[in-house]
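Numbering (our numbering), first residue to last: 24 to 326.
Glycine included, C-beta positions come from ideal geometry on N, C-alpha and C.
Let me begin by presenting the structure, written as C-alpha coordinates, before commenting on it.
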(Lines of atoms letter the chains of each structure in order from A and count residues from 1; the text may use other names and numbers.)
(Lines give C-alpha, C1' and ligand atoms only; values in the text may rest on other atoms or scores of the structure.)
Protein backbone atom coordinates (compact mmCIF):
# COMPACT_ATOMS: atom_id res chain seq x y z
CA UNK A 1 0.00 0.00 0.00
CA UNK A 2 1.40 3.41 -0.95
CA UNK A 3 2.28 5.73 1.94
CA UNK A 4 2.60 9.51 1.80
CA UNK A 5 6.36 9.23 2.24
CA UNK A 6 6.56 6.49 -0.38
CA UNK A 7 4.70 8.61 -2.90
CA UNK A 8 6.98 11.56 -2.32
CA UNK A 9 10.03 9.34 -2.67
CA UNK A 10 8.78 7.88 -5.95
CA UNK A 11 7.95 11.36 -7.20
CA UNK A 12 11.48 12.57 -6.48
CA UNK A 13 12.98 9.51 -8.18
CA UNK A 14 10.81 10.20 -11.23
CA UNK A 15 11.72 13.86 -11.29
CA UNK A 16 8.18 14.75 -10.25
CA UNK A 17 7.12 16.53 -7.10
CA UNK A 18 3.54 17.53 -7.62
CA UNK A 19 0.11 17.18 -6.13
CA UNK A 20 -1.45 16.83 -9.59
CA UNK A 21 -3.29 13.53 -9.65
CA UNK A 22 -2.00 12.53 -13.08
CA UNK A 23 1.62 12.93 -11.99
CA UNK A 24 0.99 11.14 -8.71
CA UNK A 25 -0.46 8.22 -10.63
CA UNK A 26 2.56 8.07 -12.92
CA UNK A 27 5.03 8.01 -10.04
CA UNK A 28 2.96 5.77 -7.78
CA UNK A 29 2.56 2.98 -10.34
CA UNK A 30 6.16 2.84 -11.50
CA UNK A 31 6.99 -0.33 -9.59
CA UNK A 32 3.90 -2.29 -10.68
CA UNK A 33 4.43 -1.10 -14.22
CA UNK A 34 7.84 -2.77 -14.18
CA UNK A 35 6.32 -5.94 -12.75
CA UNK A 36 3.70 -6.03 -15.50
CA UNK A 37 6.28 -5.66 -18.24
CA UNK A 38 8.27 -8.60 -16.85
CA UNK A 39 5.52 -11.22 -16.73
CA UNK A 40 6.42 -14.27 -18.80
CA UNK A 41 3.32 -13.91 -20.95
CA UNK A 42 4.24 -10.36 -21.90
CA UNK A 43 7.88 -11.22 -22.60
CA UNK A 44 6.85 -14.13 -24.81
CA UNK A 45 4.23 -12.00 -26.50
CA UNK A 46 6.74 -9.28 -27.33
CA UNK A 47 8.90 -11.90 -29.02
CA UNK A 48 5.90 -12.78 -31.17
CA UNK A 49 5.65 -16.24 -29.59
CA UNK A 50 1.92 -16.58 -29.12
CA UNK A 51 -0.98 -18.71 -30.28
CA UNK A 52 -3.68 -17.30 -32.49
CA UNK A 53 -6.51 -18.30 -30.18
CA UNK A 54 -5.10 -16.03 -27.48
CA UNK A 55 -5.66 -13.07 -29.77
CA UNK A 56 -9.41 -13.67 -29.72
CA UNK A 57 -9.49 -14.51 -26.00
CA UNK A 58 -7.74 -11.23 -25.29
CA UNK A 59 -10.44 -9.32 -27.14
CA UNK A 60 -13.08 -11.20 -25.12
CA UNK A 61 -11.40 -10.17 -21.86
CA UNK A 62 -11.35 -6.56 -22.99
CA UNK A 63 -15.05 -6.71 -23.88
CA UNK A 64 -16.11 -7.84 -20.42
CA UNK A 65 -13.77 -5.37 -18.73
CA UNK A 66 -15.04 -2.37 -20.69
CA UNK A 67 -18.67 -3.45 -20.37
CA UNK A 68 -18.32 -3.41 -16.58
CA UNK A 69 -16.41 -0.14 -16.56
CA UNK A 70 -18.91 1.63 -18.76
CA UNK A 71 -21.90 0.31 -16.83
CA UNK A 72 -20.44 1.87 -13.68
CA UNK A 73 -19.51 5.07 -15.46
CA UNK A 74 -23.12 5.43 -16.59
CA UNK A 75 -24.29 4.76 -13.05
CA UNK A 76 -22.02 7.51 -11.72
CA UNK A 77 -22.00 10.02 -14.57
CA UNK A 78 -23.38 12.75 -12.29
CA UNK A 79 -21.15 11.98 -9.33
CA UNK A 80 -19.22 15.15 -8.35
CA UNK A 81 -15.91 13.26 -8.43
CA UNK A 82 -16.48 11.76 -11.85
CA UNK A 83 -18.87 13.95 -13.85
CA UNK A 84 -16.05 16.06 -15.33
CA UNK A 85 -14.56 12.89 -16.88
CA UNK A 86 -17.76 11.67 -18.52
CA UNK A 87 -17.05 11.38 -22.27
CA UNK A 88 -19.22 8.48 -23.50
CA UNK A 89 -19.30 9.50 -27.16
CA UNK A 90 -15.57 10.04 -27.31
CA UNK A 91 -14.32 7.14 -25.20
CA UNK A 92 -16.67 4.23 -24.56
CA UNK A 93 -15.38 0.98 -26.07
CA UNK A 94 -17.70 -1.94 -25.28
CA UNK A 95 -19.86 -1.53 -28.38
CA UNK A 96 -16.80 -1.32 -30.62
CA UNK A 97 -15.41 -4.46 -29.01
CA UNK A 98 -18.72 -6.25 -29.58
CA UNK A 99 -18.46 -5.44 -33.29
CA UNK A 100 -14.87 -6.71 -33.35
CA UNK A 101 -15.92 -9.98 -31.70
CA UNK A 102 -18.75 -10.38 -34.20
CA UNK A 103 -16.25 -9.90 -36.99
CA UNK A 104 -13.93 -12.62 -35.66
CA UNK A 105 -16.43 -15.08 -34.13
CA UNK A 106 -19.51 -14.44 -36.25
CA UNK A 107 -23.02 -13.17 -35.38
CA UNK A 108 -23.41 -15.79 -32.63
CA UNK A 109 -20.22 -14.67 -30.89
CA UNK A 110 -21.84 -14.44 -27.47
CA UNK A 111 -22.56 -18.17 -27.49
CA UNK A 112 -18.88 -18.86 -28.20
CA UNK A 113 -17.40 -16.65 -25.50
CA UNK A 114 -17.49 -16.32 -21.72
CA UNK A 115 -15.84 -14.26 -19.01
CA UNK A 116 -12.72 -15.98 -17.69
CA UNK A 117 -11.96 -16.29 -13.99
CA UNK A 118 -9.22 -13.64 -13.98
CA UNK A 119 -11.32 -11.24 -16.03
CA UNK A 120 -14.27 -11.83 -13.70
CA UNK A 121 -12.13 -10.78 -10.73
CA UNK A 122 -11.35 -7.53 -12.53
CA UNK A 123 -15.02 -7.05 -13.47
CA UNK A 124 -16.14 -7.68 -9.88
CA UNK A 125 -13.74 -5.05 -8.57
CA UNK A 126 -14.97 -2.47 -11.07
CA UNK A 127 -18.58 -3.10 -10.06
CA UNK A 128 -17.67 -2.93 -6.37
CA UNK A 129 -15.94 0.40 -6.85
CA UNK A 130 -18.78 1.83 -8.90
CA UNK A 131 -21.37 0.88 -6.32
CA UNK A 132 -19.48 1.49 -3.08
CA UNK A 133 -16.75 4.06 -3.75
CA UNK A 134 -17.31 5.79 -7.12
CA UNK A 135 -14.37 8.18 -6.87
CA UNK A 136 -12.09 5.20 -7.49
CA UNK A 137 -13.56 4.85 -10.98
CA UNK A 138 -11.25 7.72 -11.90
CA UNK A 139 -8.24 5.40 -11.59
CA UNK A 140 -9.79 2.65 -13.71
CA UNK A 141 -11.07 4.97 -16.42
CA UNK A 142 -7.84 6.90 -16.72
CA UNK A 143 -5.54 3.87 -16.91
CA UNK A 144 -7.67 2.34 -19.65
CA UNK A 145 -8.76 5.16 -21.92
CA UNK A 146 -5.61 7.25 -21.97
CA UNK A 147 -3.63 4.23 -23.05
CA UNK A 148 -6.16 3.35 -25.74
CA UNK A 149 -5.48 6.75 -27.27
CA UNK A 150 -1.72 6.24 -27.21
CA UNK A 151 0.29 3.28 -28.49
CA UNK A 152 -2.73 1.41 -29.75
CA UNK A 153 -3.18 3.82 -32.63
CA UNK A 154 0.08 2.86 -34.35
CA UNK A 155 -0.40 -0.81 -33.58
CA UNK A 156 -3.87 -0.71 -35.12
CA UNK A 157 -2.29 0.01 -38.50
CA UNK A 158 0.14 -2.87 -38.06
CA UNK A 159 -2.70 -5.26 -37.26
CA UNK A 160 -4.78 -4.03 -40.17
CA UNK A 161 -1.95 -4.68 -42.62
CA UNK A 162 -0.98 -8.05 -41.14
CA UNK A 163 -4.48 -9.54 -41.14
CA UNK A 164 -5.41 -7.85 -44.43
CA UNK A 165 -8.44 -6.36 -42.70
CA UNK A 166 -10.69 -3.94 -44.59
CA UNK A 167 -9.47 -0.37 -44.84
CA UNK A 168 -12.81 0.66 -43.31
CA UNK A 169 -11.66 -0.75 -39.97
CA UNK A 170 -13.70 -3.92 -39.41
CA UNK A 171 -12.13 -6.11 -36.71
CA UNK A 172 -10.19 -3.28 -35.10
CA UNK A 173 -12.90 -0.83 -34.12
CA UNK A 174 -11.62 -0.95 -30.54
CA UNK A 175 -8.82 1.39 -31.62
CA UNK A 176 -10.98 3.78 -33.64
CA UNK A 177 -12.09 6.98 -31.87
CA UNK A 178 -14.19 8.74 -34.47
CA UNK A 179 -15.34 11.51 -32.13
CA UNK A 180 -11.79 12.53 -31.18
CA UNK A 181 -9.98 14.61 -33.79
CA UNK A 182 -6.71 15.01 -31.89
CA UNK A 183 -5.73 12.31 -29.41
CA UNK A 184 -2.97 14.50 -27.99
CA UNK A 185 -5.29 17.42 -27.29
CA UNK A 186 -7.98 15.18 -25.84
CA UNK A 187 -5.52 13.53 -23.46
CA UNK A 188 -4.37 16.94 -22.30
CA UNK A 189 -7.99 17.94 -21.69
CA UNK A 190 -8.68 14.72 -19.78
CA UNK A 191 -5.64 15.12 -17.53
CA UNK A 192 -6.54 18.74 -16.90
CA UNK A 193 -10.09 17.79 -15.93
CA UNK A 194 -8.79 15.08 -13.64
CA UNK A 195 -6.26 17.36 -11.97
CA UNK A 196 -9.01 19.90 -11.32
CA UNK A 197 -11.16 17.45 -9.37
CA UNK A 198 -11.58 18.65 -5.80
CA UNK A 199 -9.88 15.79 -4.00
CA UNK A 200 -7.91 15.77 -0.77
CA UNK A 201 -4.51 14.15 -0.55
CA UNK A 202 -5.84 11.03 1.13
CA UNK A 203 -8.25 10.44 -1.74
CA UNK A 204 -5.49 10.96 -4.28
CA UNK A 205 -3.40 8.34 -2.45
CA UNK A 206 -6.35 5.95 -2.59
CA UNK A 207 -6.61 6.54 -6.33
CA UNK A 208 -2.95 5.65 -6.76
CA UNK A 209 -3.55 2.45 -4.79
CA UNK A 210 -6.52 1.65 -7.02
CA UNK A 211 -4.47 2.19 -10.17
CA UNK A 212 -1.95 -0.30 -8.79
CA UNK A 213 -4.82 -2.76 -8.29
CA UNK A 214 -5.82 -2.25 -11.93
CA UNK A 215 -2.33 -3.30 -12.99
CA UNK A 216 -2.52 -6.35 -10.74
CA UNK A 217 -5.83 -7.44 -12.23
CA UNK A 218 -4.38 -7.14 -15.71
CA UNK A 219 -1.30 -9.11 -14.70
CA UNK A 220 -3.67 -11.87 -13.57
CA UNK A 221 -5.32 -11.82 -16.99
CA UNK A 222 -1.92 -12.08 -18.73
CA UNK A 223 -0.90 -14.98 -16.49
CA UNK A 224 -4.20 -16.72 -17.18
CA UNK A 225 -3.71 -16.34 -20.93
CA UNK A 226 -0.22 -17.76 -20.57
CA UNK A 227 -1.64 -20.86 -18.88
CA UNK A 228 -4.37 -21.23 -21.50
CA UNK A 229 -1.73 -20.98 -24.21
CA UNK A 230 -0.02 -24.07 -22.83
CA UNK A 231 -3.13 -26.12 -23.57
CA UNK A 232 -3.78 -24.88 -27.10
CA UNK A 233 -2.52 -27.25 -29.78
CA UNK A 234 -1.42 -24.70 -32.34
CA UNK A 235 1.93 -23.95 -33.88
CA UNK A 236 3.70 -21.21 -31.96
CA UNK A 237 4.16 -18.10 -34.07
CA UNK A 238 7.59 -16.56 -33.80
CA UNK A 239 7.74 -12.91 -34.82
CA UNK A 240 10.23 -11.31 -32.52
CA UNK A 241 10.65 -7.55 -32.61
CA UNK A 242 14.00 -5.91 -33.43
CA UNK A 243 16.21 -4.06 -30.99
CA UNK A 244 16.10 -0.30 -31.35
CA UNK A 245 19.85 0.29 -31.23
CA UNK A 246 20.46 3.97 -31.74
CA UNK A 247 17.00 4.83 -30.49
CA UNK A 248 18.01 3.70 -27.04
CA UNK A 249 15.20 1.21 -26.44
CA UNK A 250 14.63 -2.52 -26.75
CA UNK A 251 10.99 -3.58 -27.14
CA UNK A 252 11.89 -7.03 -25.86
CA UNK A 253 12.83 -5.41 -22.54
CA UNK A 254 10.03 -2.90 -22.09
CA UNK A 255 6.54 -3.43 -23.45
CA UNK A 256 5.70 0.23 -22.97
CA UNK A 257 8.62 1.53 -25.00
CA UNK A 258 6.73 1.14 -28.27
CA UNK A 259 3.84 3.22 -26.97
CA UNK A 260 6.26 5.92 -25.87
CA UNK A 261 8.06 6.00 -29.20
CA UNK A 262 4.79 5.96 -31.12
CA UNK A 263 3.43 8.95 -29.24
CA UNK A 264 6.69 10.82 -29.69
CA UNK A 265 6.15 10.70 -33.44
CA UNK A 266 9.43 8.90 -34.20
CA UNK A 267 9.42 8.25 -37.97
CA UNK A 268 12.23 5.72 -37.71
CA UNK A 269 10.28 3.76 -35.11
CA UNK A 270 7.12 3.66 -37.23
CA UNK A 271 9.05 2.50 -40.29
CA UNK A 272 10.84 -0.17 -38.27
CA UNK A 273 7.58 -1.43 -36.80
CA UNK A 274 6.01 -1.56 -40.26
CA UNK A 275 8.96 -3.53 -41.63
CA UNK A 276 8.61 -6.04 -38.82
CA UNK A 277 4.94 -6.41 -39.64
CA UNK A 278 5.72 -7.15 -43.27
CA UNK A 279 8.26 -9.78 -42.30
CA UNK A 280 5.96 -11.56 -39.84
CA UNK A 281 2.36 -10.64 -40.65
CA UNK A 282 0.34 -13.10 -38.59
CA UNK A 283 2.58 -13.08 -35.55
CA UNK A 284 2.78 -9.32 -35.63
CA UNK A 285 -0.97 -8.81 -35.49
CA UNK A 286 -1.23 -11.03 -32.45
CA UNK A 287 1.51 -9.00 -30.86
CA UNK A 288 -0.17 -5.76 -31.87
CA UNK A 289 -3.55 -6.49 -30.38
CA UNK A 290 -2.58 -7.58 -26.89
CA UNK A 291 0.47 -5.36 -26.73
CA UNK A 292 -1.79 -2.39 -27.44
CA UNK A 293 -4.00 -3.43 -24.54
CA UNK A 294 -0.98 -3.71 -22.24
CA UNK A 295 0.51 -0.46 -23.48
CA UNK A 296 -2.82 1.13 -22.73
CA UNK A 297 -2.43 0.36 -19.05
CA UNK A 298 0.77 2.33 -18.72
CA UNK A 299 0.64 4.93 -21.46
CA UNK A 300 -0.31 7.62 -18.95
CA UNK A 301 2.90 6.76 -17.09
CA UNK A 302 4.91 7.52 -20.20
CA UNK A 303 2.95 10.43 -21.64
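Three-state class that DSSP yields for residue i in the structure shown
i, result
"residue 159", "helix"
"residue 329", "Residue 329 lies beyond the stretch modelled for the chain, which goes from 24 to 326, so this question has no answer here."
"residue 105", "coil"
"residue 191", "coil"
"residue 148", "helix"
"residue 285", "Low confidence applies here, because residue 285 scores a pLDDT of 44, under 50, leaving its location unreliable and the question unanswered by this model."
"residue 122", "helix"
"residue 205", "coil"
"residue 219", "coil"
"residue 180", "helix"
"residue 45", "helix"
"residue 265", "The predicted model places residue 265 with a pLDDT of 40, which falls under 50 and marks its position as unreliable; any figure quoted below should be read in that light. Coil at residue 265, not helix or strand."
"residue 78", "helix"
"residue 117", "helix"
"residue 214", "helix"
"residue 100", "coil"
"residue 88", "helix"
"residue 136", "coil"
"residue 321", "A caution first: residue 321 carries a pLDDT of 44, below 50, which makes its placement in the model unreliable, though a value can still be read off. Helix."
Residue i: first and last residue of the uninterrupted alpha helix (DSSP H) it sits in
i, result
"residue 200", "From DSSP, residue 200 is part of no alpha helix (DSSP H); its letter is neither H nor E."
"residue 225", "224-254"
"residue 56", "53-60"
Whole-Å CB distance - residue i paired with residue j, under 8 Å assumed
i, j, result
"residue 145", "residue 120", "Not quite, the Cβ-Cβ distance comes to about 15 Å (not below 8 Å), so this is no contact."
"residue 212", "residue 104", "At roughly 18 Å, the Cβ-Cβ gap does not stay under 8 Å, so residue 212 and residue 104 are not in contact."
"residue 113", "residue 202", "5 Å"
"residue 235", "residue 84", "About 19 Å separates the two Cβ atoms, so there is no contact after all."
"residue 91", "residue 150", "6 Å"
"residue 162", "residue 230", "5 Å"
"residue 127", "residue 82", "7 Å"
"residue 241", "residue 59", "7 Å"
"residue 47", "residue 227", "6 Å"
"residue 217", "residue 45", "6 Å"
"residue 93", "residue 153", "Not confirmed; about 10 Å, so no contact."
"residue 124", "residue 251", "The pair is not a contact, with the Cβ atoms about 17 Å apart (cut-off 8 Å)."
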